[in-house]
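Position in the sequence shown counted from 1, then plus 301, gives you the numbering used here. Cβ atoms here follow ideal geometry from the backbone N, Cα and C, with glycine treated the same way.
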Amino acid sequence: KAEANEAAENRIKAGLVLAELSKVLKVEATADELAEHLNTYRTQYANNPDMAKRFDEPEVQREVANRLITEKTVDQLVALNTKK
Numbered sequence: 302k303a304e305a306n307e308a309a310e311n312r313i314k315a316g317l318v319l320a321e322l323s324k325v326l327k328v329e330a331t332a333d334e335l336a337e338h339l340n341t342y343r344t345q346y347a348n349n350p351d352m353a354k355r356f357d358e359p360e361v362q363r364e365v366a367n368r369l370i371t372e373k374t375v376d377q378l379v380a381l382n383t384k385k
């Protein structure tokens, strides 16, 4: 249980650091990028209309946007660390 708590704490810390870095780096998710990701998820859940419909909910859209921003932030960090 202690290991699980420590792992969860580390994930939270990493998430907070990435969130702050995304602000510093001014990383944003464009409307087109968000729409593309939402459509991809809707397609993946085409056989489950109730689940696909959830991607119309503002909270779910915010979560998808946050994930997209996190991905873009990590991509920028990798790019910064691979420049020579």
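Practice task
Just the C-alpha distance for ARG343 and GLU329, rounded to the nearest angstrom, thanks.
Solution key: Residue mapping note: residue 343 aligns to position 42 of the sequence shown, counting from 1. Residue mapping note: residue 329 aligns to position 28 of the sequence shown, counting from 1. So the alpha carbons of these two residues sit roughly 22 Å apart.
Exercise for the section: Would you kindly check if the distance between the Cβ of LEU381 and the Cβ of GLN362 is under 8 Å? Expected result: As a position in the sequence shown, residue 362 is number 61, starting the count at 1. As a position in the sequence shown, residue 381 is number 80, starting the count at 1. Not in contact: GLN362 and LEU381 (Cβ atoms no closer than 8 Å).
Problem - Beta-carbon proximity check, LEU369 vs GLU321, cutoff 8 Å - result: The residue you call residue 369 lines up with position 68 of the sequence shown. The residue you call residue 321 lines up with position 20 of the sequence shown. For LEU369 and GLU321, no; Cβs fall outside 8 Å.
Practice task
Please name the residue in LEU326, GLU360, GLU337 whose C-alpha comes closest to that of ASP376.
Solution key: As a first step, residue 376 must be located in the sequence shown, where it is residue number 75. For ASP376, the nearest C-alpha among the options comes from LEU326.
Handout entry: Separation of THR374 from ASN285, as counted between CA atoms
Key = Past the edges of the chain, shown from 302 to 385, lies residue 285, and the structure says nothing about it.
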